[in-house]
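If you count the sequence shown from 1, you need to add 992 to reach our numbering. Below: the structure, in structure tokens.
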Amino acid sequence: NVVKKDSVTTVSSWLEEQNEEHKFYLGFPIHSHEGRTVKEEFELLKKKGFFRIFIKDQIHDLNSLESIPKSKENIFVVIDRFKIKKGKVRESLADSLETGFKEGEGRLTIINADTNEVKHFTKFYECCGIKYEEPEPRFFSFNNPYGACPVCQGFGKTMDYEIDLIVPNHNLSLSEGAIAPWRTIKYSKYLRDLIKNNNGRIPLSVPFKNLTDEQKKLIWDGFGSFHGLKGFFKHLEEKTYKMGIRILLSKYRGYTTCHACKGSRLRREALYVKIDNRSIGDVVVMSIERALTFFKLIQLTEYEKAIAHQIHLEIIKRLTFLNDVGLGYLTLDRLSSTLSGGETQRINLATSLGSALMGTLYVLDEPSIGLHPRDNAKLINILKSLRDLGNTVLVVEHDPEMMREADLIFDMGPKAGIHGGEIVASGNYDEIINNDNSLTGKYLSKKLEIPLPERRHLTETKSIKIIGARENNLKNIDVDIPLKKLVVITGVSGSGKSTLVHDILYGGIVKLNGGNPPKIGKHDSIEGAKFIDEIEIVDQSPIGKSSRSNPISYVKGYELIRELFANTPQARARGY
């Protein structure tokens, strides 16, 4: 059922739709105050000036009532009588409606005098004996304790046993040892219990990934004398006083989707509120492109427009900016920590574009780093839009396409460090490529080029195979990376490059080597990791771990320098 609250306006609108031939009584249900008898309630009503009540399809006068009802149920106080004329209600009826809501403590009753049909109205969100809370902005914010899911505290995930850690390779069947903790001699009896009690419930030779949700639930909950994974871990938790057990359990624990809010991060009551039959939980899992279409199709009534028209337009405006910068594929609930550098940059630029500021100087330091040519074109269009709004855009950049689109270019040089610091050329793109002093111009005009290698190293046959990569945007892909090669992974921003390399390849190999990576992306397995002795990840993060760090100390060059000085005759003589 759709639960709505009523007001004088909505009740008046309902009345104007009724048959003009009928008469109506306006009233409110008698209160059920604790400690007061029905007679005492009637006396109180008379003191307030109410003398008519509606009981069992009849109007009664309180002054001439023959018998007092024993129950307060289905007794309504009548405060007005009226008819609908030409589809309109009289102006003074609004005062009576307001009085009815006030005296009825938020509840109002309209009775058809001809049919005795009773219609109830309420200023509360209530239905079927359940009273819902009044929605307010903080109700829909997981950053506010009032709106956050009480189980996960608004994080959307809880620390629990994670199936991808328990079953690291979903391509294996149960008989092949899919369940990692049951591969050991000590705990293999749980697998034997499963096989013994199975009776055809679960196929033992089918890959784990092909089992149905119901079959996986049986493995977790158990059946017969088989206690399942749930019983297995519960048994181990009773022995956590042992260090080995605590270490074992930690191997299979991770952050899993909260069972209470299903990852929405909001309290259950917030999901009861719906717009166009969609809750906020339904909307935030939409992509930006789909959400934009959803909000554009929402038709507001005149009453709703008076309340939410400006908000509705602002939502469409902001989603449009994000869609225009090529981020329409992102879902609204995507964590900012999982965004690529290009995606983060375009969100920031879309925010600036949406603010419609004029006379502002925007300074961007190499914004095209890591961007695919397709995304670079979108970035250039955003920068042009900022310029066209009346702003100045200053970009530190090496990208040829960016320079081609620039109104003015300053070429710094002629070399690096103490040999630089001069403006060797300035002008538009054509002027730069024809300037003999500009090293940049010589490469842009292809007077100077970096030659391609004449041959490639293609003899190595060993490789690392990533199977079933499915984190974020990755669609359950398999990747074969040859060893002892220069391998490039490219693609448009948000296509899954960083997820594949950082979260799955790096995180997975570190985990296989007994390490504890910050994150492991979802995948079935990594084959060929045995060919790797060590893995290092090099990104644009600052290298210094302390304020005293410098490049020579980072590469451990000072160790050799110290040894050199320590081996001098004077140092040895002094015992250094």
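Ideal Cβ placement from N, Cα and C applies to all residues, glycine included.
Taking A1417 as part of the alpha helix (DSSP H), name the residues at either end of that continuous run. Per DSSP, A1417 lies in no alpha helix (DSSP H) segment; the continuous beta strand (DSSP E) that holds it begins and ends at 1414-1419.
Coil, strand or helix - K1111 by DSSP: Here K1111 carries a strand assignment [DSSP, helix/strand/coil].
Cβ contact check for the stretch 1489-1497 and the stretch 1429-1447: 3 or more pairs under 8 angstroms: Touching, no, given that fewer than three Cβ pairs across the two stretches are closer than 8 angstroms.
With distances taken between CB atoms, is the gap from I1067 to I1103 smaller than 8 angstroms? Annotated as distal: I1067 and I1103, with beta-carbon spacing of 8 angstroms or more.
Exposed or buried, R1175, counting other C-beta atoms within 10 Å across all chains shown (16 or more means buried)? That one is exposed.
Sorted by chain position, which residues of the same chain lie with C-beta nearer than 8 angstroms to L1440's C-beta, five sequence neighbours on each side aside? Cβ within range, chain order: L1431, K1434.
With DSSP as the reference, label K997 as helix, strand or coil. Looking at K997 - three-state DSSP - the assignment turns out to be coil, as it is neither helix nor strand.
Minimum length 4: unbroken alpha helix (DSSP H) runs contained in the stretch 1426-1478: The qualifying runs are 1431-1436.
Given 8 angstroms as the limit, is there contact between the stretch 1453-1465 and the stretch 1413-1429, that is, 3 or more CB pairs closer than that? Below 8 angstroms, too few C-beta pairs join the stretch 1453-1465 and the stretch 1413-1429 to call them touching: fewer than three.
Considering Cα atoms alone, identify which of L1085, G1092, I1076, K1062 is closest to V1070. Comparing alpha carbon positions, the residue from L1085, G1092, I1076, K1062 closest to V1070 is G1092.
By how many angstroms is the C-alpha of G1506 removed from the C-alpha of T1323? One alpha carbon belongs to T1323, the other to G1506, and they sit about 34 angstroms apart.
Relative to the C-alpha of S1197, which residue among F1215, G1214, A1086, E1168 is closest? Among F1215, G1214, A1086, E1168, the Cα nearest to that of S1197 belongs to E1168.
Which same chain residues end up closer than 7 angstroms to D1325 when comparing Cβ atoms and leaving out the 5 residues on each side of it in sequence? Around D1325: V1276, V1277.
Can you name, in chain order, every residue of its own chain whose Cβ lies under 8 angstroms from the Cβ of A1105, other than the five neighbours on each side? Apart from the 5 residues on each side of it in sequence, A1105 sits with its Cβ closer than 8 angstroms to the Cβ of H1014, K1015, F1016, Y1017, R1073 in its chain, given in chain order.
Counted within 10 angstroms of its Cβ, other Cβ atoms place L1363 as buried (16 or more) or exposed: By the neighbour-count rule (16 or more Cβ atoms within 10 Å), L1363 is buried.
In or out: A1563 buried (at least 16 other Cβ within 10 Å) or exposed? Classification for A1563: exposed.
From the DSSP output, which residues share a beta bridge with K1075? Looking at the DSSP assignment, K1075 forms a beta bridge with K1015.
Any contact between the stretch 1224-1236 and the stretch 1081-1100? By contact I mean 3 or more CB pairs, one from each, below 8 angstroms. At 8 angstroms Cβ cutoff, the stretches do not touch.
Cβ pair count under 8 angstroms reaching 3, the stretch 1176-1192 against the stretch 1207-1223: With a cut-off of 8 angstroms on Cβ pairs, the stretch 1176-1192 is in contact with the stretch 1207-1223, counting three or more such pairs.
Reducing DSSP to helix, strand and coil, say where V1388 ends up. Here V1388 sits in strand by DSSP.
Are three or more beta carbon pairs between the stretch 1408-1418 and the stretch 1379-1392 nearer than 8 angstroms? The stretch 1408-1418 is not in contact with the stretch 1379-1392.
If you draw a straight line from the alpha carbon of R1130 to that of A1298, how long is it in whole angstroms? The straight-line gap separating the alpha-carbon atoms of R1130 and A1298 is approximately 21 angstroms.
Could you check the C-alpha separation between G1520 and N1373 for me, to the nearest Å? Using only the alpha carbons, I get a separation of about 44 angstroms.
Is the CB-CB distance between L1186 and L1157 below 8 angstroms? Not a contact, by the Cβ cut-off of 8 angstroms.
Contact belief for L1378 with S1328 at Cβ below 8 angstroms, rounded distance in angstroms: Contact between L1378 and S1328 is absent: CB atoms are separated by about 22 angstroms, not below the 8 angstroms threshold.
Buried versus exposed call for A1348 [16 or more other C-beta atoms within 10 Å across all chains shown]: By the neighbour-count definition (other C-beta atoms within 10 Å, threshold 16), A1348 is an exposed residue.
Alpha carbon to alpha carbon, how far is E1154 from K1254? Those two C-alpha atoms are separated by around 15 angstroms.
Pull up the CB-CB distance for K1407 and Y1247, whole angstroms please, since I reckon it's below 8 angstroms. Separation of the CB atoms of K1407 and Y1247 is rounded to 50 angstroms, and the pair is thereby denied contact status at 8 angstroms.
Please name the residue, chosen from H1112, P1127, E1126, that lies closest to C1120 on a Cα-to-Cα basis. C1120 has its Cα closest to that of H1112, out of H1112, P1127, E1126.
Take the Cβ of E1032 as the centre, count every other Cβ of all protein chains shown within 10 Å, and call the residue buried at 16 or more, exposed below. That one is exposed.
Could you compute how far the alpha carbon of S1517 sits from the alpha carbon of T1491? Taking the straight line from one Cα to the other gives about 15 angstroms.
What span of residues does the alpha helix (DSSP H) with Q1302 cover, start to end? Element bounds for Q1302: 1294-1316.
Could you name the residues that DSSP lists as bridge partners for M1151? Partner(s): Y1247.
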